[in-house]
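Asker: For the record, the sequence lines run as chains A and B. Numbering-wise (my numbering), the first sequence opens with residue 32 and increments by one. Numbering-wise (my numbering), the second sequence opens with residue 32 and increments by one. Let me give you the structure first, and then I'll get to my questions.
There are 2 protein chains.
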Amino acid sequence: MKKILFFLPLFSVLLHAQNKDEQTLSTIYKTALTNSKCYSWLDDLSNKVGSRLSGSEGAAKGVAYTKQQLESLGLDKVYLQEVMVPKWVRGEKETAYILDKKTKTIVPICALGGSIATPKSGITAEVIEVKSIKELETLGVDKIKGKIVFYNRPMEPENIETGKSYGNCVDQRYAGAKEAAKFGAVATIVRSMNLRLDDFPHTGAQSYGDLPKSQYIPTAAISTNGAELLSKKLKENSRLQFFMKQSCQHYDDVLSYNVIGEIKGSEHPEKIMVVGGHLDSWDLADGSHDDGAGCVQSMSVLEIFKKINYKPKNTIRVVLFMNEENGGNGGKKYEEVAKNTNENHIFALESDSGGFSPRGFSFECDDANFTKITNWKPLFEPYLIHSFVKGGTGADINPLTSKKIVKAGLKPDSQRYFDHHHAANDTFDAVNKRELELGAATMASLMYLFDQYGID
Amino acid sequence: MKKILFFLPLFSVLLHAQNKDEQTLSTIYKTALTNSKCYSWLDDLSNKVGSRLSGSEGAAKGVAYTKQQLESLGLDKVYLQEVMVPKWVRGEKETAYILDKKTKTIVPICALGGSIATPKSGITAEVIEVKSIKELETLGVDKIKGKIVFYNRPMEPENIETGKSYGNCVDQRYAGAKEAAKFGAVATIVRSMNLRLDDFPHTGAQSYGDLPKSQYIPTAAISTNGAELLSKKLKENSRLQFFMKQSCQHYDDVLSYNVIGEIKGSEHPEKIMVVGGHLDSWDLADGSHDDGAGCVQSMSVLEIFKKINYKPKNTIRVVLFMNEENGGNGGKKYEEVAKNTNENHIFALESDSGGFSPRGFSFECDDANFTKITNWKPLFEPYLIHSFVKGGTGADINPLTSKKIVKAGLKPDSQRYFDHHHAANDTFDAVNKRELELGAATMASLMYLFDQYGID
């Protein structure tokens, strides 16, 4: 009896905390779903600002727009952080066709980010189809020299998490040109990183690595339907020719910015919790999912805290990173400054997997913290948030190296992500208001719990 | 030591069963994602057959198409079950406008299923806006007589499960006309059951109940944007007028069919496990989500079992029910026949919540069975299926009354469902191939486990 009485106060405190947390999460979700600017911000960012490739006018507009919106929230501080970014410009729309016994069949392609242009008159050459970079070695210079290498390994449909299939495929896009150049290829085309069969070519970063500039070759993505067609036609006639023309260009690096806003912590202003996404997008669309969604959700975390009058113990900072897509300079610069000024980051959360129904989080932390965080799962159950796993979190928060930092990435439903990723259909209409808002609420809930109960 | 040895064989058996089940589920999911007809069936059903309102030519085509496809699967039996269904025809596209100080503003409406027509010249009347049926009583006959009652209680955005918001709202659509007629209203218009603001009016069943025919009044849905506009204009001018015209008509009941296919059970052919959806749709679109998705997923359960060469112990029967939308006669007929022939149904699973990413199931069963089923949850974890709850399952399997039957409903992500439900945008392009296939795999997995381990 004594024992029971002894434990009662502690039990009562825990129960009180649990009820308080349940109540707070309920208020957060309700605010996100009924009274948040999240969706209208995305509308503006997508439809008024538009695409935001690093160094573009759109990116500059995006900086100005989000800074202005953060200023309207009554935060303690809103500022820009200078960062130099690459400037790559697509130029004229690319053209490509299959030339098979004098029949031209136009196929949709787009230059990969960072690619060089073709000669003005384009490139016409025979095509050699491969399923991997490794296959180049088997084929050797004799079979590759003077040809266009066509990488056509599809994303695996059988993985439940589509990000896994992307990871298993993207080397073709990122390093395909560099490797094919070593075997004398004159260009490469890569099957779009898309699980669906459609007519959208998907761009994305590629790198020539340490290849001498004189050896650079043009590289482009072809739509999945285009890839299927080309592969079929190659089976019928391995000597067919492919024409491609693109006029993309590299310029000198230009000045751009990370956009930052913060609410000062009431107890530990020196401890910083970051929430963010990346403000830059590819140029083919307005990047509503990648990563307009992550930006407005991150802004909304601070919006919600202000609206429900939650005063965080630690400093909550939203960071809209510049240049995730083709360089990652925003994330690197942010870490550089944080290190130089001895800032103490205890937590970082990134949303960069699209504005789809949230399912959970991935975490980078030690086991003790993971166990602690996992204990919060029941609080998320009413909101159908169920997946807490260890794993990669976000490219922009990746450089952060504070000693005891816990990192997290929002995990939305991944099934439709690669239908839109880096393609012309990554547009506002592809984002559902409620799914976007539920993501923001889920992020705000994790930020709240972390702010309350910290790390071990 | 002895004790441990004693338990080892049982432990080993359980472990073996678990591994076998893990393996089977893995094979089921892989088959669904790489080698299923599910999506191409839906393409045909949506784009070749089209809308399938009970009694329509489309419904008849749907019966013929699905029967033929089931026949191609090599099942033990495929047949049609006769069922009489109502025939209601929309007729000419409806027109409506707000007439405010001689300015006409056209708004999108559609007749509710089962509504009568307006006079040929339409109806013009003042409008009284209410938020509930109950409010009619407060207003009384004086304020309602001769007017159009405008039901404008929106779906609540704050509920996580959108079905809950639908349930809290749909009385306005289903019984609104009947109740308003009692107060002398000349017609009703109902805010569409849609969480999004857009221009699609959403139809759906309504009933005059036991109202004398002479008192029937026309009733229509108005798009959510239209409802917002009308409400705003009413605040400015409560005497504005509304014009509506619709020419829908009732005909005598016609003969239609449930489409049924089955694999005979190898051990208990007399025990029947049903999986199904409803083949009829509303007439405004092809009903890809409601419930083309449920039909092709159910067909795919049997397709997958055939492809992986799984021979069920119990009889597995797919039933594509006719007339869920405006009568439920297919479900009632199926139960009537089952009862008359003393069939023993042990399990029924319906998919009628759209072809979105599956999240879990709802179950109607006793606690012992629910506990047993819940123990299967870990097997579903790799597929992100996490929500096993008690609750309503499906309108078509609802009439089934076998003594010991367990019923289940597939629960897909619900956020986007009411963007499309009963509206002109419930079309094939709104369904994602992978999400649809994951639903089929999830259903097949539950059917498999139930077939293996039965009920208590």
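Virtual Cβ for every residue (Gly too), placed ideally from N, Cα, C.
1) For a quick check, are the C-beta atoms of A251 (chain B) and S223 (chain B) less than 8 angstroms apart?
2) Answer yes or no: do F459 (chain B) and L130 (chain B) have a C-beta to C-beta separation smaller than 8 angstroms?
3) Measure from the C-beta of P188 (chain A) to each C-beta in chain B and report whether the shortest distance is under 8 angstroms.
4) Please return the same chain residues whose Cβ sits closer than 7 angstroms to the Cβ of Y182 (chain B), not counting the five positions on each side in sequence.
5) Name, going along the chain, the residues of the stretch 60-72 of chain B whose beta-carbon falls closer than 8 angstroms to a beta-carbon of chain A.
6) Starting from S319 (chain B), find everything on chain A with Cβ-Cβ shorter than 8 angstroms and list it in chain order.
7) According to the Cβ coordinates, are F394 (chain A) and K438 (chain A) closer than 8 angstroms?
8) So who's on the other strand from V420 (chain A), going by DSSP bridges?
9) Among residues of its own chain, excluding the 5 on either side of Y205 (chain A), which ones have a beta-carbon nearer than 7 angstroms to its beta-carbon?
10) Using alpha carbons as the reference points, say which of B:F273, B:K263 and B:K151 lies closest to V158 (chain B).
11) For N340 (chain A), return the contacting residues in chain B, with the cut-off set at a CB-CB distance below 9 angstroms.
12) Do the stretch 141-157 of chain B and the stretch 276-286 of chain B make contact, defined as three or more Cβ pairs closer than 8 angstroms?
13) Over the uninterrupted beta strand (DSSP E) stretch that includes Y414 (chain A), give me the two end residues.
14) 8 angstroms is my cut-off, CB to CB: does S418 (chain B) come that close to chain A?
15) Which chain A residues sit within Cβ distance under 9 angstroms of E466 (chain B)?
16) What does the Cβ neighbour count give for Q328 (chain B), buried or exposed, with the cut at 16 atoms within 10 Å?
17) Would you grab the beta carbon distance between S254 (chain A) and D229 (chain A) for me? Rounded to a whole angstrom, and I think it's under 8 angstroms.
18) Would you mind working out which of B:E189, B:K342, B:M275 and B:L76 sits nearest L143 (chain B), comparing C-alpha positions?
19) Just to confirm, is the Cβ distance from N225 (chain A) to A316 (chain A) under 8 angstroms?
20) Should S196 (chain A) be flagged as near chain B, meaning a C-beta pair shorter than 8 angstroms?
21) Could you check the C-alpha separation between N406 (chain A) and E102 (chain A) for me, to the nearest Å?
22) When the Cα of E334 (chain B) is compared with those of B:K363, B:Q100, B:Y448 and B:E53, which residue comes out closest?
23) Any Cβ of chain A within less than 8 angstroms of the Cβ of R390 (chain B)?
24) Based on the DSSP output, what are the partners of A182 (chain A) in its beta bridges?
25) Is the separation between the beta-carbon of A63 (chain B) and that of E412 (chain B) shorter than 8 angstroms?
26) Could you give the uninterrupted runs of the alpha helix (DSSP H) lying entirely in the stretch 86-125 of chain B, keeping only those of 4 residues or more?
27) Give the secondary structure of F231 (chain B) by DSSP, where H, G and I count as helix, E and B as strand, and everything else as coil.
28) Within a Cβ cutoff of 6 angstroms, which residues of the same chain sit near L410 (chain B), ignoring the five residues on either side of it in sequence?
29) Closer than 8 angstroms by beta-carbon distance: list the chain A residues that pair up with I191 (chain B), in chain order.
30) Can you tell me which of A:V114, A:M474, A:V120 and A:L431 puts its alpha carbon nearest to the alpha carbon of I377 (chain A)?
31) Closest to E113 (chain B) by C-alpha separation, out of B:H47, B:T136, B:A91 and B:W119, would be which residue?
32) Is there a Cβ of chain A sitting closer than 8 angstroms to that of R222 (chain B), yes or no?
33) Should Y427 (chain A) and E355 (chain A) be called a contact, given that it needs their Cβ atoms to be closer than 8 angstroms?
34) Can you look up E187 (chain B) in the DSSP assignment and give me helix, strand or coil?
35) Given a cut-off of 8 angstroms, decide if G308 (chain A) and S77 (chain A) are closer than it, judged by their beta-carbon atoms.
36) Could you check which residue in B:K68, B:L84, B:Q54 and B:N50 has the C-alpha nearest to that of G361 (chain B)?
Answerer: Concretely, from the data shown:
1) no
2) no
3) For P188 (chain A), the answer is yes, since a Cβ of chain B falls inside 8 angstroms of its Cβ.
4) Around Y182 (chain B): V161, Q203, G207, T219, V221 and R222.
5) Y60, K61, L64 and T65
6) Chain A residues near S319 (chain B): none, gap ~15 angstroms exceeds 8 angstroms.
7) Against a cut-off of 8 angstroms, the Cβ pair of K438 (chain A) and F394 (chain A) comes out as a contact.
8) A:S393
9) The beta carbon of Y205 (chain A) sits closer than 7 angstroms to those of A236, Q237 and S238, all from its chain and outside the five residues before and after it, given in chain order.
10) B:F273
11) Result: empty, since nearest Cβ-Cβ is about 19 angstroms, beyond 9 angstroms.
12) yes
13) Careful: Y414 (chain A) lies outside any beta strand (DSSP E) and carries neither H nor E.
14) yes
15) D444, Q446 and R447
16) buried
17) A Cβ-Cβ separation of about 6 angstroms places S254 (chain A) in contact with D229 (chain A) under the 8 angstroms criterion.
18) B:M275
19) no
20) no
21) 36 angstroms
22) B:Q100
23) Cβ-Cβ to chain A under 8 angstroms: yes for R390 (chain B).
24) Ala is not the amino acid found at residue 182 (chain A); the sequence shown has Tyr there. Beta-bridge pairing links Y182 (chain A) to A:V161 and A:V221.
25) Going by C-beta atoms, A63 (chain B) is not nearer than 8 angstroms to E412 (chain B).
26) 88-102
27) coil
28) D52 and L56
29) Y60, P413, Y414, L415 and L469
30) A:L431
31) B:A91
32) no
33) Position check: residue 427 (chain A) holds Asp in this sequence, whereas Tyr was assumed. Going by C-beta atoms, D427 (chain A) is nearer than 8 angstroms to E355 (chain A).
34) Shown here, E187 (chain B) sits in coil according to DSSP, grouped into three states, outside any helix or strand.
35) no
36) B:L84
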